[in-house]
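Quick note, the sequence shown lines up with residues 3 to 345 if you use this note's numbering. Have a look at the structure below, then the notes.
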Amino acid sequence: MTATLRHDWTFEEVKALFDKPFNDLLFQAHSIHRAHFDPNAVQVSTLLSIKTGACPEDCKYCSQSGHYNTELEKEKLLAVEKVLEEARKAKASGASRFCMGAAWKHPSKKDFPLVLDMVRGVRALGMETCMTLGALSEAQTMALAEAGLDYYNHNIDTSRDYYKTIISTRTFEDRLDTLAHVRDAGIKVCCGGIVGMGEEADDRIDFLRELANLPVHPDSVPINNLVKIKGTPLEHAEDLDPFDFIRMIAVARILMPQSHVRLSAGREEMNDQTQALCFFAGANSIFYGEKLLTTSNPLENDDMQLFRRLGIHPETVTEHTDGKPLLEPVTPEASGFYNAMAR
Ligand code: SAM
Ligand code: DTB
Ligand code: SF4
Numbered sequence: 003m004t005a006t007l008r009h010d011w012t013f014e015e016v017k018a019l020f021d022k023p024f025n026d027l028l029f030q031a032h033s034i035h036r037a038h039f040d041p042n043a044v045q046v047s048t049l050l051s052i053k054t055g056a057c058p059e060d061c062k063y064c065s066q067s068g069h070y071n072t073e074l075e076k077e078k079l080l081a082v083e084k085v086l087e088e089a090r091k092a093k094a095s096g097a098s099r100f101c102m103g104a105a106w107k108h109p110s111k112k113d114f115p116l117v118l119d120m121v122r123g124v125r126a127l128g129m130e131t132c133m134t135l136g137a138l139s140e141a142q143t144m145a146l147a148e149a150g151l152d153y154y155n156h157n158i159d160t161s162r163d164y165y166k167t168i169i170s171t172r173t174f175e176d177r178l179d180t181l182a183h184v185r186d187a188g189i190k191v192c193c194g195g196i197v198g199m200g201e202e203a204d205d206r207i208d209f210l211r212e213l214a215n216l217p218v219h220p221d222s223v224p225i226n227n228l229v230k231i232k233g234t235p236l237e238h239a240e241d242l243d244p245f246d247f248i249r250m251i252a253v254a255r256i257l258m259p260q261s262h263v264r265l266s267a268g269r270e271e272m273n274d275q276t277q278a279l280c281f282f283a284g285a286n287s288i289f290y291g292e293k294l295l296t297t298s299n300p301l302e303n304d305d306m307q308l309f310r311r312l313g314i315h316p317e318t319v320t321e322h323t324d325g326k327p328l329l330e331p332v333t334p335e336a337s338g339f340y341n342a343m344a345r
């Protein structure tokens with residue numbers, strides 16, 4: 003059941019998917035998943051916060067916003083060598099992609115050359131590279147592409163309508179502008195958002211519709227379940243029904259059949275059964291490693307056990323997004339994923 007790629011989804015069509023009986027929705031999503039991917043392979047990325055806290059943006063969910071008192075320990079931009087040391091560790095533990103995140107509105111002139119060195123350095127270790135640094139100018143995007151950046155993460159986070167309730171220091175359109183620069187520079191786009199922020203079901207429908215109707219589907223679609231941070235306005239947001247979270251994954255898979263859908267933040271609060279259903283519904287990427295950016299993630303060993311229990315293996319990666327080979331292919335056997343388990 004291969005699906006044609008569409009960019010003209012209507013609200014009613016997406017709502018009709020959400021309204022399907024759970025089994026029908028999962029069957030459709032899994033059939034599409036199977037037609038486009040190895041259903042037992044999951045891409046494995048590790049995150050590192052390269053600059054932490056004191057962010058000028060006011061995202062109501064975020065531990066790193068300078069607008070809220072979240073008791074977070076702030077940290078200046080890490081030294082390039084420290085970042086490479088962490089990337090080496092992530093590779094040895096089995097990650098194929100290293101994602102570096104900075105709490106900036108946009109990168110400064112002073113910091114930007116260091117960020118480029120990080121991209122070159124991580125790439126030279128034989129890993130895929132990903133960065134999330136806030137808004138980018140056209141020139142910065144070109145420079146990142148030249149340095150060999152594989153992916154740029156820049157989320158639209160929620161529906162266009164609900165966006166204003168969550169963030170006031172930038173607009174939804176600002177996000178689309180940076181996404182266009184990234185696409186134009188030939189860097190693969192990683193773009194998704196968060197659920198469980200007090201949004202309506204209609205916002206979740208519209209959020210996925212916006213993603214699917216972008217000129218090109220994002221290559222990676224992270225679906226984060228809100229990690230509630232003490233001191234932020236969303237500290238006491240109501241939990242989303244886990245079945246509604248699984249529905250999000252399933253609908254994302256149906257709308258964007260060729261994209262990697264990432265089961266992102268919030269896995270620590272999910273049981274194994276929910277995660278397994280997410281993989282069945284079409285999730286085929288995770289953040290792996292004991293920390294996300296500032297909050298915790300399942301222990302590496304727990305993820306390895308879960309993979310083993312479900313017969314899932316890390317996805318094999320042989321080349322960068324520009325077609326150049328990785329220093330050495332990352333295969334399940336060579337990735338260090340299972341070696342790390344034996345340790
Ligand atoms: N500052 C950059 C930006 O906003 O693009 C990059 C880092 S930001 C932390 C990346 C994404 O992480 C956000 O867009 C949001 O979707 C997700 N995120 C941040 N805090 C979160 C939380 N508490 N729970 C779940 N997801 C979160
Ligand atoms: C994304 O969508 N999720 C990641 C990544 N992109 C950068 C970040 C999750 C952050 C969770 C909260 C924290 O650890 O601070
Ligand atoms: Fe800053 Fe990104 Fe957090 Fe928003 S999500 S406050 S931009 S670090």
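Where is the CB? At the ideal position from N, CA and C, for every residue including glycine. This structure is a prediction, so every number in the text was calculated from the model and none was measured.
Taking all protein chains shown into account, decide if Phe39 is buried (16 or more other Cβ within 10 angstroms of its Cβ) or exposed.
For the purposes of this step, residue 39 is taken as the residue at position 37 of the sequence shown. In summary, Phe39 is buried, with 16 or more beta-carbon neighbours lying within 10 Å of its beta-carbon over all protein chains present.
Residue from Arg310, Ile231, Gly325 and Leu127 with nearest C-alpha to Val85:
One-based indexing of the sequence shown puts residue 85 at position 83. Here the closest residue by C-alpha is Leu127.
Would the C-beta of Gln142 count as close to ligand 3, meaning under 6 Å from any of its heavy atoms?
As a first step, residue 142 must be located in the sequence shown, where it is residue number 140. Answer for Gln142: no, Cβ out of range of ligand 3.
Can you tell me the Cα-Cα spacing of Ile196 and Ala252, whole angstroms?
Start at 1 with the first residue of the sequence shown, and residue 196 comes out as number 194. Start at 1 with the first residue of the sequence shown, and residue 252 comes out as number 250. Distance between the alpha carbons of Ile196 and Ala252 is about 15 Å.
Nearest candidate by alpha-carbon position, reference Lys111, set Ala141, Glu130 and Ala94
Position 109 of the sequence shown, counted from the first residue, corresponds to residue 111. Nearest option by C-alpha distance: Ala141.
On the CB-based measure, 16 or more other CB atoms within 10 Å of its CB, does Thr173 come out buried or exposed?
Locating residue 173 in the sequence shown gives position 171, counting from the first residue. It counts as exposed.
Give the range of the alpha helix (DSSP H) segment to which Val229 is assigned.
Within the sequence shown, the letter at position 227 stands for residue 229. Looking at the DSSP string, Val229 is not in any alpha helix (DSSP H), and its letter there is neither H nor E.
What span of residues does the beta strand (DSSP E) with Lys53 cover, start to end?
For this step, residue 53 is matched to residue 51 along the sequence shown. It spans Ala43 to Lys53 - the beta strand (DSSP E) in which Lys53 sits, taken as one unbroken run.
Where does the unbroken beta strand (DSSP E) through Glu321 begin, and where does it stop?
As a working note, residue 321 is residue 319 in the sequence shown. First-last of the beta strand (DSSP E) with Glu321: Val319 to Glu321.
Could you tell me the alpha carbon to alpha carbon distance between Thr318 and Met250, rounded to whole angstroms?
Taking the sequence shown and counting its residues from 1, one reaches residue 318 at position 316. Taking the sequence shown and counting its residues from 1, one reaches residue 250 at position 248. So the alpha carbons of these two residues sit roughly 26 Å apart.
Give the single residue among Asp113, Leu79 and Arg206 whose Cα lies nearest to the Cα of Ile52.
Residue numbering aside, residue 52 sits at position 50 when the sequence shown is read from its first letter. Of the candidates Asp113, Leu79 and Arg206, Leu79 places its Cα closest to the Cα of Ile52.
Going residue by residue through the stretch 96-133, where are the continuous beta strand (DSSP E) segments of at least 3 residues, counting only ones entirely within it?
99-104
Contacts around Asp119, its chain only, beta-carbon distance under 6 Å, and the 5 residues preceding and following it disregarded:
Your numbering for residue 119 matches position 117 in the sequence shown. The residues are Val82.
Between the alpha carbons of Phe29 and Ala283, how many angstroms are there, rounded?
Working through the sequence shown from its first residue, we reach residue 29 at position 27. Working through the sequence shown from its first residue, we reach residue 283 at position 281. For Phe29 and Ala283, the gap between their C-alpha atoms comes out near 8 Å.
Does DSSP put Leu1 in a helix, a strand or coil?
Lying outside 3 to 345, the shown extent of the chain, residue 1 is not represented and no answer is given.
Is the closest heavy atom of ligand 3 to the C-beta of Ala285 under 6 Å?
Indexing the sequence shown from 1 puts residue 285 at position 283. Incorrect: Ala285 has no Cβ contact closer than 6 Å to ligand 3.
Going by DSSP, what residue range makes up the beta strand (DSSP E) through Arg264?
Along the sequence shown, one-based indexing puts residue 264 at 262. Taken as a continuous stretch (DSSP letters only), the beta strand (DSSP E) holding Arg264 covers His262 to Leu265.
Is Asp159 close to ligand 1? I mean its beta-carbon at under 6 Å from any heavy atom of the ligand.
Numbered from 1 along the sequence shown, position 157 holds the residue referred to as residue 159. Within the cutoff, so yes.
Per-residue burial, Thr12 [other beta carbons within 10 Å of its own, 16 or more giving buried]:
The count along the sequence shown starts at 1 and reaches residue 12 at position 10. Exposed, because fewer than 16 other Cβ atoms sit within 10 Å of the Cβ of Thr12.
Using 6 Å as the cut-off, classify the Cβ of Cys132 as near or not near the heavy atoms of ligand 3, replying yes or no.
Start at 1 with the first residue of the sequence shown, and residue 132 comes out as number 130. Result no, Cβ not under 6 Å from ligand 3.
According to DSSP, what are the bridge partners of His315?
On the sequence shown, residue 315 is found 313 positions in, with the first residue counted as 1. DSSP lists Ala43 as partners of His315.
Applying the criterion that 16 or more other CB atoms from any shown protein chain within 10 Å of the CB defines a buried residue, is Phe245 buried or exposed?
Position 243 of the sequence shown, counted from the start, is the residue given in the question as residue 245. With fewer than 16 other Cβ atoms within 10 Å, it is exposed.
Locate the beta strand (DSSP E) running through Tyr154, then write down its first and last residues.
Here residue 154 is taken as the residue at index 152 of the sequence shown, counted from 1. Secondary structure note for Tyr154: its beta strand (DSSP E) is the uninterrupted segment Tyr153 to Asn155.
So, with DSSP's three-state summary, where would you put Val191?
Within the sequence shown, numbered from 1, the residue matching residue 191 stands at position 189. The answer is strand: DSSP assigns Val191 an E or B state.
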